[in-house]
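Taken in order, these protein sequences are the chains called A and B. Quick note: the first sequence uses my numbering, first residue 3, plus one each step. Quick note: the second sequence uses my numbering, first residue 11, plus one each step. Report on the following structure.
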Amino acid sequence: MITLETMERPAWMAVLARASAEEIGALLRDIPTLPTHRVIRGPEIGLTMMRGRAGGDGAAFNLGEATITRCSVSLADGTLGHCWRLGRDRRAAELAALLDACLQGDALRDALFTRVIEPLRAEQAEAACLTARRAAATEVRFATLATMR
Amino acid sequence: MKPGFAEPVFDSQVGFSALMQAMARPGRIQRCQMLRDLPDGLEPAAAAALLTLADAETPVWTDTQGEAREWIAFHTGAPLVAEPVRAQFLLATRSMPELAALDPGTDETPQDSATLILQVEALDDVSGWWLTGPGIETTHRLSAHGLPADFLAQWNANTARFPRGVDLILCAGERLAALARTTRILEPTLLPENG
Chain A
3 MITLETMERP AWMAVLARAS AEEIGALLRD IPTLPTHRVI RGPEIGLTMM RGRAGGDGAA
63 FNLGEATITR CSVSLADGTL GHCWRLGRDR RAAELAALLD ACLQGDALRD ALFTRVIEPL
123 RAEQAEAACL TARRAAATEV RFATLATMR
Chain B
11 MKPGFAEPVF DSQVGFSALM QAMARPGRIQ RCQMLRDLPD GLEPAAAAAL LTLADAETPV
71 WTDTQGEARE WIAFHTGAPL VAEPVRAQFL LATRSMPELA ALDPGTDETP QDSATLILQV
131 EALDDVSGWW LTGPGIETTH RLSAHGLPAD FLAQWNANTA RFPRGVDLIL CAGERLAALA
191 RTTRILEPTL LPENG
């Protein structure tokens, strides 16, 4: 179970990177105003090469390029927040970077965690579960030498 | 952390244009004023030159420390190397590394040589050396303050290695001027009367 105590920064960054600007914005409505921030880089759109491995243990190959948006912000006290996300949503990237910076400080962490990160995480976990169930229903097991060995 | 270029595309184009003009006309002073808010130790022209040239594929060496070093690593994305000889671009803010100790390229690939961006105390083009060579119609003046005492000897040794050799970008505040490896420096005392 992921809780505030055990949730590390990569985990909340991953949750924020998957949420749209509208989703984050809607959850932020009950949060006291966020501190002012300064954009250090971006939000800018670029490409990244996605690599894959056949079967999980084959040689790495280039699967294709994906569009990513990245943004880095700094708070007044110098805390840095970063976001790299798939897609072209600049506003979401900046918002996620700002929240990443806020989550590192004590002032807003609890409120942001319970009212923003946790609902987003639950929603994303449910969506992932639904996708996995739909995919599992279509699974075909081939009886091959490899699996029968 | 301070921001880098406000407009990454257009600002680096301006920087590239300034560097190209500087290399094409050695000794002519260009201005680079895109960066105004910089970490301590970095000046606008030198920082803009490095941000324009360096990327994830160019090893960078720098003598800056602390925030300035972090700023360079973050905004260029370049690997920072400890040995000057391994760097493709170098940013020296305090003292100049020995030119002979930098990568001069090879006779087959002289374009792989290092480029040294050197922050000096002051630059002007009305006094000092007389420059001559490709890109300079007759002669051109340039004066740089804050160079090591044996700079001319080092530079002459560098030009003697042509086509190998190091290119130098001198920066002071918002001003920059380049010395290509083909640029010959004549000391004022060695010049004939009409010079």
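C-beta atoms are modelled at their ideal positions from N, C-alpha and C, and glycine is treated no differently. Since the structure is predicted, the reported quantities are computational estimates derived from the model, not experimental observations.
Three-state secondary structure (DSSP) of residue i
i	result
residue 68 of chain A	strand
residue 19 of chain B	helix
residue 112 of chain B	coil
residue 142 of chain B	strand
residue 70 of chain B	strand
residue 42 of chain B	coil
residue 13 of chain B	coil
residue 205 of chain B	Unreliable placement is indicated for residue 205 of chain B, whose pLDDT of 43 sits below 50; no coordinate value is reported for it.
residue 2 of chain A	Within the shown structure, residues of chain A are numbered from 3 to 151, placing residue 2 of chain A beyond reach of any answer.
residue 192 of chain B	coil
residue 82 of chain B	helix
residue 27 of chain B	helix
residue 47 of chain A	strand
residue 157 of chain B	coil
residue 52 of chain A	strand
residue 172 of chain B	coil
residue 177 of chain B	strand
residue 134 of chain B	strand
Residue i at chain A interface by Cβ criterion, 8 Å
i	result
residue 18 of chain B	yes
residue 13 of chain B	yes
residue 85 of chain B	yes
residue 29 of chain B	no
residue 25 of chain B	no
Short CB-CB distance (under 8 Å) between residue i and chain B
i	result
residue 82 of chain A	yes
residue 43 of chain A	yes
residue 40 of chain A	yes
residue 76 of chain A	yes
Whole-number beta carbon distance between residue j and residue i, since they are thought to touch under 8 Å
i	j	result
residue 65 of chain B	residue 44 of chain B	With 8 Å as the limit, residue 65 of chain B and residue 44 of chain B do not qualify as a contact, their Cβ atoms being about 17 Å apart.
residue 68 of chain A	residue 50 of chain A	6 Å
residue 153 of chain B	residue 134 of chain B	5 Å
residue 42 of chain B	residue 34 of chain B	Between residue 34 of chain B and residue 42 of chain B the Cβ distance is about 16 Å, and since that is not below 8 Å, they are no contact.
The segment 28 to 45 of chain A / the segment 72 to 85 of chain A touching (three or more Cβ pairs under 8 Å): Three or more Cβ pairs closer than 8 Å define a contact, and the segment 28 to 45 of chain A meets that threshold against the segment 72 to 85 of chain A.
Residues of the segment 46 to 73 of chain A whose Cβ lies closer than 9 Å to any Cβ of chain B, in chain order: Flagged, chain order: 46.
Short-range partners of chain A found in the segment 160 to 183 of chain B, where Cβ spacing is below 8 Å: For the segment 160 to 183 of chain B, the set of residues with a beta-carbon nearer than 8 Å to any beta-carbon of chain A is empty.
The segment 94 to 104 of chain B / the segment 55 to 74 of chain B touching (three or more Cβ pairs under 8 Å): The segment 94 to 104 of chain B is in contact with the segment 55 to 74 of chain B.
Three-pair Cβ contact test at 8 Å for the segment 123 to 136 of chain B versus the segment 177 to 190 of chain B: With three or more CB-CB distances shorter than 8 Å, the segment 123 to 136 of chain B counts as touching the segment 177 to 190 of chain B.
Given 8 Å, three or more beta-carbon pairs between the segment 28 to 35 of chain A and the segment 69 to 76 of chain A: At 8 Å Cβ cutoff, the stretches do not touch.
Sufficient close CB pairs (3 or more, under 8 Å) joining the segment 137 to 145 of chain A to the segment 102 to 118 of chain B: Verdict: no, contact absent.
The segment 25 to 33 of chain B touching the segment 181 to 201 of chain B, judged by at least three CB pairs closer than 8 Å: With a cut-off of 8 Å, the segment 181 to 201 of chain B and the segment 25 to 33 of chain B count as touching, because enough Cβ pairs lie within range.
Sufficient close CB pairs (3 or more, under 8 Å) joining the segment 17 to 25 of chain A to the segment 52 to 62 of chain A: The segment 17 to 25 of chain A vs the segment 52 to 62 of chain A: no contact.
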